[in-house]
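Before any comments, here is the structure.
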Amino acid sequence: MNAAAGVPLVRLLEGIAAAPPIAVTGLSLDGRTLAPGEAFIALRGQREHGLRFVAQARARGATAVLWDPGEGELPPSAPDLPLVAVPGLRARLGTIADRCFAAPSAELAVAGITGTNGKTTCAWLLAQAVTRLGRRGAYFGTLGAGFPPQLEGTGLTTPDVVTLHRRLRALAGAGATHVALEVSSHALDQGRVDGLRLRAAAFCNLSRDHLDYHGTLERYAAAKARLFRIPGLAHAVINTGDPAGARLAATLPEGVLLTAVAVLGAVPAAPRRIEVTTVSAAATGLVLALRGHFGERCLRSRLVGHFNAENLAIVLGLLLAWDFDVDAALGALAQCSAPPGRMESFRLPNGALAIVDYAHTPDALAAALAAARGHARGRLTVVFGCGGERDPGKRAPMGALAERLADRVLLTDDNPRGEDPERIVAMIRAGLQAPERATVLRDRAAAIATALAAAAPDDVVLIAGKGHEDYQLIGGELRSFSDRDCVHRYAGGGA
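Using this note's numbering, the first residue of the sequence shown is number 13, and each one after it goes up by one.
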């Protein structure tokens, strides 16, 4: 039954908890934005418990409140509003959402993509390629949800479990046949993909990130690995050239078919394999020589940067897992473009090249700098900062990488959030051998303009860290800001 027509609450909670004979039109985790007819899911949040918003939910027309008696908080009295106790509610929410929205992932071919770097590019390419192959590919991730390039914002790489199932239902209703879904480690740790039916999953790589949340790299890797233990998973496409990927491939659950991927390295024995034997840069992008269970092939791509060879090979593996023909898949990939803010290039009036990229980890910054160096016949300048209230341990290493791989380093603000921006810059500078040679200009727009104005015709300017983002978080203020707009204005609209 479609949730919009009303779903009996008894059906949603069958085998989970007793429920009154009422119908709900949907679910909401936020009593302040709940729509009339929805059930309010009152869970403990980071700052407050959802039960404190029961009055708001009631005023907005909630039909019921679902709460967990095991969370140690009692609901307030709410006349005429059923308060339904659901033990272990958080762990059951994926099942409840799947039922409420009529099991949308069962109607779709969904591929979940995880990894420190590359998720967005892989998902974007996959959605584009599926559409070029005659089906309807949808993207769901950091950039939003929808059919590229038309997307609606979601706020998070992977949203809460209710929003995920609701959006998947909307995508199915809009005609999607396949969905390329970015899955973050936070989402896996917090159960945001619970109740999801995955046909395929992919692992890109693992490097230092989010240790402020996970604590250790081992726990971070364990969170990523949960994607490959989702019940019913049929295919796993794994970059076995990454040590964490090789370990993951060796421990896949029985019944999951492995496609092993490696760039410029041998792949382990696997039912399916994709080995990139050579990567070369052409005037129009990349040329990859491939060897695999399908024989030998050549892939030409519009993308720049050697690291995109890994992304392209993973996407090819997912297309083959979805039973697309290899030659048709290669033809589709040849026509795909990079997502916004992912090694996105802009030609400046004097012929210099500006590149905007989302690189915000040491590995990603190193890869972006190496890719940018390949296009620089002159000097390479990098403009970057580090986000506040996030893993501080990556700041000095990123400074060291920038100093070693670029000719000029310009340090600026990223999203300092509530942290002292001067402290962030100081921690980056601590990784420099010659900090006096780096320019510090905390106003990001001014830093970008300064770097572009100094670029000679053969130079490349890499602006790293924010990519597609159209905001800057400073203190408690969300300001409108875009690296891409800054460059586009300077370039006079050229790209």
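Even for Gly, the Cβ is constructed at its ideal location relative to N, Cα and C. Here the structure is a predicted model, which is why all the values come from computation and not from measurement.
Of A382, A414 and D425, the smallest CA-CA separation from E401 is found for D425.
Counting C-beta atoms within 10 angstroms of its own C-beta, T133 has 16 or more neighbours from the protein chains shown and is therefore classed as buried.
The DSSP-derived three-state label of L464 is helix. Excluding five sequence positions before and after T462, the CB atoms of its chain that fall closer than 8 Å to its own CB belong to L422, T451 and L453, given in chain order.
Going by DSSP, H190 is part of the beta strand (DSSP E) stretching over H190 to E194.
With fewer than 16 other Cβ atoms inside 10 Å of its own Cβ, T263 counts as exposed. The residues A123, H247, L330 and A333, in chain order, have a CB closer than 6 Å to that of A212 in the same chain once the five nearest residues on each side in sequence are set aside.
Here DSSP, grouped into helix, strand and coil, assigns L269 to strand. Contact check between the segment 255-273 and the segment 306-317: fewer than three CB pairs, one atom from each, fall below 8 Å, which does not count as touching. The three-state secondary structure of I475, taken from DSSP, is strand. As DSSP reads the structure, R420 sits in a beta bridge with T393. The Cβ-Cβ distance between A103 and L78 does not fall below 8 Å.
Shortest Cα-Cα distance from A376 to any of R391, G390 and F396 involves F396. Across the set R72, G73 and G82, the C-alpha of G82 shows the shortest separation from the C-alpha of H61. Spanning the alpha carbons of T175 and V473 requires a straight line of approximately 38 Å. Taken in chain order, the whole beta strand (DSSP E) runs of length 3 or more contained in the segment 13-44 are 38-40. Straight-line measurement puts the Cα of A237 at about 24 Å from the Cα of L101. Per the C-alpha coordinates, the member of A90, G277, A278 and L218 positioned closest to L63 is A90. Setting aside the 5 residues that flank it on each side, V291 is surrounded in the same chain by L300, H318 and A321, each with a C-beta closer than 6 Å to its C-beta; the list follows chain order. Just so you know, the alpha carbons of V273 and G253 end up roughly 7 Å apart. With 16 or more neighbouring CB atoms inside 10 Å of its own CB, T170 falls in the buried class. F358 carries a strand assignment under DSSP once its states are collapsed to helix, strand and coil. Pairwise C-beta distances place the segment 192-199 in contact with the segment 155-172, as three or more of them are shorter than 8 Å. Within the same chain, and ignoring the five residues on either side of P280 in sequence, the residues whose Cβ sits closer than 6 Å to its Cβ are T252 and A272. Apart from sequence neighbours up to five positions away, the residues of its chain that approach A344 with a beta-carbon distance below 6 Å are A141, R144 and L145, ordered along the chain. Around the beta carbon of Q58, fewer than 16 other beta carbons lie within 10 angstroms, which makes this residue exposed. The DSSP-derived three-state label of F240 is helix. One Cα belongs to A346, the other to S357, and the distance between them is close to 18 Å. Of the residues assessed, P352 falls on the buried side of the cut-off, its CB having 16 or more other CB atoms within 10 angstroms.
For Q68, no beta strand (DSSP E) encloses it; the enclosing alpha helix (DSSP H) starts and ends at V66 to A71. Boundaries for H500: no beta strand (DSSP E) harbours it, while the alpha helix (DSSP H) harbouring it runs D495 to Y502, taken from the DSSP string.
If you check the CB distance, A293 and G386 come in under 8 Å. Looking only at E481, F493 and G304, the smallest Cα-Cα distance to D455 is reached by F493. Contact between A51 and G207 is ruled out by a C-beta separation of about 16 Å, above the 8 Å threshold.
Secondary structure note for G106: its alpha helix (DSSP H) is the uninterrupted segment L101 to C112. Burial state of D495 is buried, judged by a 10 Å Cβ sphere holding 16 or more other Cβ atoms.
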